[in-house]
Structures are given as C-alpha cells and as structure tokens.
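Notes follow the structure.
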Amino acid sequence: MAEKDPRSETHKAYFIELILMLSSSAMQQLGKIINPITGKAELNLEAAQATIDMVEMLEAKSRGNLDRDETRLLTNTLTSLRMNYVETAALPAKESKPEAKAEPAAPAASPAATPAVPPAQPEKDPKFHKTYG
Numbered sequence: 002m003a004e005k006d007p008r009s010e011t012h013k014a015y016f017i018e019l020i021l022m023l024s025s026s027a028m029q030q031l032g033k034i035i036n037p038i039t040g041k042a043e044l045n046l047e048a049a050q051a052t053i054d055m056v057e058m059l060e061a062k063s064r065g066n067l068d069r070d071e072t073r074l075l076t077n078t079l080t081s082l083r084m085n086y087v088e089t090a091a092l093p094a095k096e097s098k099p100e101a102k103a104e105p106a107a108p109a110a111s112p113a114a115t116p117a118v119p120p121a122q123p124e125k126d127p128k129f130h131k132t133y134g
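Given below as structure tokens:
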C-alpha cells in the first residue's frame, strides 16, 4: 500500500477550514450569525453574494482534484448558502433587516440615589470641533 503524503492531510484540513470560514462569513453577511465585533446581526446581501461566488469559484477550480469528503462538504455548503441567500433576499425590506440584540434595560434609579448633575448637553456639531492642547 502506498504511503500518504503528510502534506496531503494538511492541505485537506486547510481546504476544509477555508470552506467553513467562507461559509461562516456568508452566513454572517446574511444576518444569520451575529457579528462578534458589533454584537448585532447585520445584513449585507452584496457581500454575501460575493462570498458565495468565491465558494463557487473554488468548486470550479478544484473540480476533479477533491476527494469524496471534500466534494460533499463543498456541495453541501454551496447548497446551504444558496438556499439561505434566496430565503433572505426574498424577505420584504423591513423583515430582511435582522433585529439588533436588545440590551437589557437598566433598573430605574431611585430619586434619592440620582445625583443632582444635569445631563451633558451635546455639542451642536462635535465631529468638526476637535481641539488639540
């Protein structure tokens, strides 16, 4: 029996990781997964379509060079991404925007515990009034 090239197993692991990473990215762009940086579900159909197109390109460029498991992963991932894209794009505009994660309301403070400091007044145009001292 011929010995397997150790790089082959590493390349297989990297390929699987790449497909899973692109899949997660597309699902995040479709608003199906919360963005870990902002803590909100965000919808960006154009970016999702570009990510799905990249996975399709990988399928076309690697056709005939993948083993059965890699081919199945790629096929299943593309099917899932396409179905989620169609489902999300078909929603009416207001429904397709995922709701932001609601922050719990702060408990109301008792009047005795509230300091007598008035709330800060916002500047009229703060982005153009920066001082350097």
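Under my numbering, the first residue of the sequence shown carries the number 2, and numbering increases by one thereafter. For each residue, glycine too, the CB sits at the ideal point set by N, CA and C. Fair warning: this is a prediction, and the values are worked out from it, not measured in the lab.
ask   = Are Leu23 and Met55 close, meaning C-beta to C-beta below 8 Å?
value = Contact: yes.
Inside the region 50–83 only - beta strand (DSSP E) runs reaching at least 3 residues = Fully enclosed beta strand (DSSP E) runs of 3 or longer: not present.
Reduced DSSP secondary structure (H/G/I, E/B, other) of Leu31 = Three-state DSSP puts Leu31 in a strand.
ask   = According to the Cβ coordinates, are Lys41 and Ile35 closer than 8 Å?
value = Their beta carbons are under 8 Å apart, which means Lys41 touches Ile35 by this criterion.
key: Straight-line Cα distance separating Phe16 from Glu43   = One C-alpha to the other measures close to 27 Å.
key: DSSP bridge partner residues for Leu44 (one or two, in chain order)   = Secondary-structure assignment with DSSP links Leu44 through a beta bridge to Leu31.
inquiry  = Tell me the rounded alpha-carbon separation between Ile53 and Asp70.
reply    = In this model, Ile53 and Asp70 are separated by some 20 Å (Cα to Cα).
ask   = Whose C-beta lies closer than 8 Å to the C-beta of Gln50 among residues of the same chain, with five residues either side of it excluded?
value = Here the set comprises Tyr86.
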